[in-house]
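Residue numbers (the UniProt record's numbering): 1 to 225.
Ideal placement from N, C-alpha and C gives every residue a C-beta, glycine not left out.
For clarity, every value in this text was computed on a predicted model and none was experimentally measured.
Note sheet for the following structure.
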Amino acid sequence: MNGKLSWAPINAEPARVLDVGTGTGIWACDYAEAHPTTEVIGTDLSLIQTNHSPPNCRFVREDAEEEWVHDQPFDYIHARMMYVESRARAIYREIGADQVAADAESEEMIKNNPFSLREYMRRVIQGAANLGRDINVAPKLKDWFVEAGFVDVTVHQILGPLNDWSHDPVDHQIGSFITQDVIEVVESASKFYKAYGMNDDEISQFVAGCCRHVRSTKCRSYIPW
Ligand SMILES: C[S@@+](CC[C@H](N)C(=O)[O-])C[C@H]1O[C@@H](n2cnc3c(N)ncnc32)[C@H](O)[C@@H]1O
Numbered sequence: 001m002n003g004k005l006s007w008a009p010i011n012a013e014p015a016r017v018l019d020v021g022t023g024t025g026i027w028a029c030d031y032a033e034a035h036p037t038t039e040v041i042g043t044d045l046s047l048i049q050t051n052h053s054p055p056n057c058r059f060v061r062e063d064a065e066e067e068w069v070h071d072q073p074f075d076y077i078h079a080r081m082m083y084v085e086s087r088a089r090a091i092y093r094e095i096g097a098d099q100v101a102a103d104a105e106s107e108e109m110i111k112n113n114p115f116s117l118r119e120y121m122r123r124v125i126q127g128a129a130n131l132g133r134d135i136n137v138a139p140k141l142k143d144w145f146v147e148a149g150f151v152d153v154t155v156h157q158i159l160g161p162l163n164d165w166s167h168d169p170v171d172h173q174i175g176s177f178i179t180q181d182v183i184e185v186v187e188s189a190s191k192f193y194k195a196y197g198m199n200d201d202e203i204s205q206f207v208a209g210c211c212r213h214v215r216s217t218k219c220r221s222y223i224p225w
């Protein structure tokens, strides 16, 4: 995002910002540092975040699927790599203004990538469906936000290099990060491969092939991010 923490059209400095499913809390800390007068709260199922956060940033254990408990509304709610429909409604209920950022990947967006990666998406989506879960949510995000009541919902699709094939130094570094992330995701989807019908041997072979293709700089492909 060219160094930007957000693309939401926030005019004034927001007083309160929520980062849902904050993970390590890195976005919340960065945002708090860049906006020292803003109170930033990061929520997650587990409190693994740093103890060295800026003074205007704190973390709270909260399940985004349950009722959200906050004493005041938020001016801006950020959710990165969080893919559940009910969150659009919850964000609409909680927010004090109409600003939201959301991002996701989808089977559709990944179609220019190596076959094994497309196959990964297909199997994981089908495996999740076999478990009664729809994880192919990117194409639906916009509609969910509109149905929840938001207006002027904008979708930005960002493309990043799948690996470090690019000679451009920034793309090269981004590509290395993306490879690492994609490989972690591919390696950690056993539950969905099993639900798709694969056994342990098939999973190991499939994951190894996928990771090899993701690392191969012959690919020279981009992935939506
Ligand atoms: C893919 S990570 C993204 C972390 C962070 N948003 C980022 O972009 O760096 C997803 C995070 O969502 C959290 N999470 C998953 N389900 C959640 C839920 N129901 N309520 C709150 N957090 C949840 C996980 O614990 C994890 O930290």
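For Val-17, the enclosing beta strand (DSSP E) stretches over residues 16-20.
Shown here for Tyr-120: same chain residues with a beta carbon closer than 6 Å to its own, the five before and five after excluded, namely Val-186, Cys-210 in chain order. Per the C-alpha coordinates, the member of Ile-158, Leu-131, Thr-37 positioned closest to Trp-7 is Ile-158. Scanning its chain for C-beta atoms nearer than 6 Å, with the 5 sequence neighbours on each side dropped, one finds around Cys-57 the residues Ala-28, Cys-29, Ala-32, Val-40, in chain order. In this chain, the alpha helix (DSSP H) harbouring Leu-141 covers 138-148. Our two residues, Gly-127 and Ser-190, have alpha carbons roughly 10 Å apart in a direct line.
The secondary-structure analysis by DSSP pairs Gly-160 across a beta bridge with Ile-223. The beta carbon of Leu-45 sits closer than 7 Å to at least one heavy atom of ligand 1. Distances from the CB of Arg-80 to the heavy atoms of ligand 1 include at least one below 7 Å. Going by DSSP, Phe-74 is part of no alpha helix (DSSP H) at all; its letter is neither H nor E. Between the beta-carbon of Arg-123 and that of Tyr-196 there is about 5 Å, and that keeps the pair under the 8 Å contact cut.
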